[in-house]
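These protein sequence lines are chains A and B, in that order. When we follow this note's numbering, the leftmost residue of the first sequence carries the number 13, and every step to the right adds one. When we follow this note's numbering, the leftmost residue of the second sequence carries the number 13, and every step to the right adds one. Glycine included, C-beta positions come from ideal geometry on N, C-alpha and C. Values in this document were obtained by computation on a predicted structure and should not be read as measured data.
There are 2 protein chains.
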Amino acid sequence: MTIAAALAELPTPCLVLDEARMRANIARLNAHLAPLNVTLRPHLKTLKSVEAARQVLKGGNGPATVSTLKEAEVFAQAGVKDIIYAVGIAPQKLPRVQVLRGAGCDLAVVLDTRAQAEAVAEASRASGEAIPALIEIDCDAHRAGLKPDDAEIVAIGRILVDGGAELRGVLTHSGGSYGAVGAEALADFAEQERAAIVAAAQTLRDAGLPCPVVSVGSTPTAHFARDLTGVTEVRAGVYVAQDLVMAGIGVCKPEDIALSVLGTVIGHQHERGWILVDAGWMAMSRDRGTASQSVDQGYGMVCDVEGNVIPDLIMVAANQEHGIIGLRPGSTATLPELAVGEKLRILPNHACATATEHDGYEVIPANGSTRLAHWPRFRGW
Amino acid sequence: MTIAAALAELPTPCLVLDEARMRANIARLNAHLAPLNVTLRPHLKTLKSVEAARQVLKGGNGPATVSTLKEAEVFAQAGVKDIIYAVGIAPQKLPRVQVLRGAGCDLAVVLDTRAQAEAVAEASRASGEAIPALIEIDCDAHRAGLKPDDAEIVAIGRILVDGGAELRGVLTHSGGSYGAVGAEALADFAEQERAAIVAAAQTLRDAGLPCPVVSVGSTPTAHFARDLTGVTEVRAGVYVAQDLVMAGIGVCKPEDIALSVLGTVIGHQHERGWILVDAGWMAMSRDRGTASQSVDQGYGMVCDVEGNVIPDLIMVAANQEHGIIGLRPGSTATLPELAVGEKLRILPNHACATATEHDGYEVIPANGSTRLAHWPRFRGW
C-alpha cells in the first residue's frame, strides 16, 4: 500500500501530520540555536500531543512552555518536569498550579501586576512552598508586559521576594515579529526582543533582585536571532508544524509545513471555477492570517494527496463544512480536473488554529512505513 | 447564591448558555413559521448538544438537519428518527449512511452531480434498500447546487429513480442572505430562495419525477419569509443561539444572544486602554464575521458577568489565550475599571464557530435556579 492509498481510506475531513517534515523542523531550530548558547524551551501549545512533545523535548521531559493549565496537567502527567505557563496568571488558578508543583512538576507562572504578585506571594506563604514567577516584559507594544525600564518591575519583584514567592526571572514574546517579513526584518525583531529582556533583567539586578531566567521567544525571532547574549532560554511553538503565515514572512517554505487537512471532492461549480470539498472552516479554522500578507492564501494552499502543492490552487472561501477550492485571483493556471471522491490536502494558514479543530493526527511516519499512526490531541483549559 | 457568584466559581475561559434566551429564540421562530404552513427542520450543527436538541425538536425526535455524519450518529443514537445530512455526499460516506438507516433513522443525503447520484443508486441496489436523496439547488450563486432550470436536475433525478434510490425532493440554502441587512432585504432573499426551490421542484414534476420535499432555509430567511407557498419545510440552525453576525444584519438584538464566553481579567495596558483577559481566539474562535459589517465587533461584544452589555466595550484583538479588551474605535465612553480576577462575558461573532472551541455548556437554567447545569457538546466528523 502507498501513503496515498492509506490516506484515501481515512474518513474526511481529518488532520494529517507528516512526521518527517516535523522532525526536520525540529532539527532546524535546534541547529540554529546550538551555537547561540541558549536553552530551547519548546512551546507545546500548537500540537498539544504527548507523542509530539516526546520528540520535541530533550529527553522527553522538558523544559517546556504551555499556554493553558490543561496543557501543564497533561504534560506533567506524561512526565514533563519543567514548565512555564506563559499566560498571565489569574489568581483563581493558583490552586491548580500548586497541585502540579506538589506532584513534582516545576511549574512557573508569569505576571505583570502587583495584584498578581501579591496573590502568588500569599499562596506561597499559605502553602509554605514558594511559587516561582517570571515578570512579563513588553518588547513591542504587542500584548501584555511591562516596559523594560518600568519601575513596576522592581516593585513586583520585591512583592514576590519579600512575600515568600520565588522571583524566577523575566520573560517576553515578540508577537510583533509575525508582521515582519524576511531575514533582516526578523533579525531586527529578535534583537529588539533580546535588548528588551536583557534591559529588564538588568533593572531587577540593579535593584539587588535575582533574575536567573531571561526568556525570549517566538518562532520568527528564534529562527533569525544572530546574537542572544544575556538570554538564557528561547521559546518557540509553531515551528514544529510551520504554516502559511510563517511561510508568508519567510520563516519557512510551504514544503516545510507538516500539517494538512485531508478533504474529499464533493462537487463542482464549473462556471465559477469552483471545486467543493468536505473540509470547510470547521476543519481549517476561521484563521485568515495570510489575508494581511502580500499573498493571501484564502483558507489554505491546496496539495494533492501526496502533499505536493498544486500551482495557484487555494481554498478561496469556506462555509462550516464546505470548502470552496479555486485558482488564486489573477492566476492564469488551468483548474485541475478533480472528480467527486478525489482526495486533496490543504495546508493551513495557522497551525495552532487548525489543529485545535481536530482531536488527533493521522501521522505519516518518518520511517518510511506506509502504515499511518494516530496521535491523539487534547484541548480545553 | 446568585448567578454571578455561581459563574465566578467556574474555571475560565468557558462557554455559558443562557437557557431562557435560547428558549425565547426557539419560540420566536416557531411562532413566525406557524402561520406559514411549513415544517421547521432545525439544523443541529450550532450547539451539537443532545440536551439542546431535545428542546428544539418537536417531540425530541425530529425532523432535524445535520452538517456531519457524526452529528447524524449522535442524534440518531439519542432517538432522532428523521434527519437530512445537508452537505453534498461523498460516495465513501454511504456505508455510514446505510448503517444509520439500518438502525431505524430515516437519514437522507444531498447531492448535485451524476457521480453522486450513481453512487447512491449503486449503494441502494447493493443493499436492496433505497437511500433517499435530495437534489441541491443553487438559489444565490453562493456555494453548491444546480440552477433551478438546469437540465442536470432531471438527469440526476432519473439516475436516482431508475437506479433504485429514492428521489426525496429538492433543497436549497440562501447563504447569500448573511450579507443582506434589514427586514426588507432579508424578505427579498427569502422570496428568492422560495422562488428558486419551487421552480426546481417544478422542473422535476414537469419531467414526471416525484418531489415530495421542497426544503429551504437559513436563519435570516427563515425569520423574514412572508410567504412560503410551495415550500414544505424550513431549515435553520444558528437561531437557537443567535450571534453578533445575526444582530448585525437585523435578525436579532445583542440581548437575544444565548451564548457567551466567560473570561477573567489577567492584566492591563493602561496607556493603550487595554484590559487583558484569559479568553483569546482559542475560546472565541478566529471568526471575524462582523469585520465586513457596518459595525465591527472585533472578537466580540463585552458584557458584565450577569450578561449586560458594557457600552462600546469589545475584544479589539485576540491571541491564542489572550483577549485584548478595549473601547470600540472612536468611542467617547470611559474604559471601566476592571481589576485582575474580575469576570466578563463576551458575546460571539459566530455562535457555530465559538461553540466548537468548547466541549460543553455551563447552562444558566431557564427555571430561575442559580444552580448551573452542564451540557456536554460533541464535535468531529
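What is the residue span of the beta strand (DSSP E) that residue i lies within?
| i | result |
| --- | --- |
| L271(A) | 271-281 |
| E245(A) | 245-248 |
| D218(A) | Here D218(A) belongs to no beta strand (DSSP E); instead the alpha helix (DSSP H) covers 195-218. |
| V225(A) | 225-228 |
| I287(A) | 286-289 |
| H386(A) | 385-388 |
Give every residue of the same chain whose Cβ lies closer than 6 Å to the Cβ of residue i, excluding the five residues on either side of it in the sequence, and list them in chain order.
| i | result |
| --- | --- |
| R35(B) | A378 |
| L106(A) | A135 |
| A131(A) | P103 |
| D94(A) | G74, P75, D118 |
| M13(B) | T382 |
| I101(B) | V121, L123, Q128 |
| A115(A) | none |
| V328(B) | G310, I336, G338 |
| A365(B) | S297, D299 |
| Q305(A) | G260 |
Helix, strand or coil for residue i? Go by DSSP, reduced to three states.
| i | result |
| --- | --- |
| G260(A) | helix |
| E141(A) | coil |
| D94(A) | strand |
| A76(B) | strand |
| G181(B) | strand |
| H55(B) | strand |
| D161(A) | coil |
| L221(B) | coil |
| I101(B) | coil |
| L69(A) | coil |
| L240(B) | coil |
| D30(B) | strand |
| E85(B) | helix |
| E134(B) | helix |
| L22(A) | coil |
Is residue j closer than 8 Å to residue i when the C-beta atoms are compared?
| i | j | result |
| --- | --- | --- |
| I165(B) | I143(B) | no |
| V122(A) | V243(A) | no |
| I209(B) | T241(B) | no |
| G335(A) | M296(A) | yes |
| G169(B) | L216(B) | yes |
| G249(A) | W286(A) | no |
| V28(A) | L41(A) | no |
| R1(A) | S61(A) | No answer is possible for residue 1(A): the residues shown for chain A start at 13 and end at 393. |
| V182(B) | V226(B) | yes |
| K82(A) | W387(A) | no |
| A385(A) | T58(A) | no |
| Y190(A) | V99(A) | no |
Under DSSP, the alpha helix (DSSP H) around residue i begins and ends at which residues?
| i | result |
| --- | --- |
| P107(A) | 106-114 |
| G342(B) | G342(B) -> no alpha helix (DSSP H), and no H or E assigned at all. |
| L48(B) | Element bounds for L48(B): n/a, residue is neither H nor E. |
| V122(A) | Run containing V122(A): none in the alpha helix (DSSP H); it sits in the beta strand (DSSP E), 118-123. |
To which residues of the same chain is residue i closer than 7 Å at the C-beta, ignoring the five residues directly before and after it?
| i | result |
| --- | --- |
| I171(A) | R126, A129, E130, A133 |
| E318(A) | I15, A16 |
| E394(B) | Not covered by the structure: residue 394(B). The range shown for chain B is 13 to 393. |
| G188(B) | D152, H154, F201 |
| R391(B) | K60, T368 |
| E31(A) | V375, I376, P377, A378 |
Residues in its own chain within less than 8 Å of residue i by CB, not counting five upstream and five downstream?
| i | result |
| --- | --- |
| N37(A) | Y251, V252, A253, Q254, C264, D268, A270 |
| C315(B) | S272, V321, I322, L356, R357, I358, L359 |
| A192(B) | L198, D200, F201, P232, I261 |
| E203(B) | A237, R238, D239 |
Determine the chain E residues that contact residue i at a beta-carbon separation under 9 Å, and present them in chain order.
| i | result |
| --- | --- |
| M294(A) | Reference to chain E is not applicable here, since the protein chains of this structure are A and B. |
Original post:
What are the start and end residues of each continuous alpha helix (DSSP H) run of 4 or more residues lying completely inside the segment 293-378 of chain A, in chain order?
Top reply: Given a length threshold of 4 residues, each whole run of the alpha helix (DSSP H) inside the segment 293-378 of chain A is given here in chain order: 293-296, 363-367.
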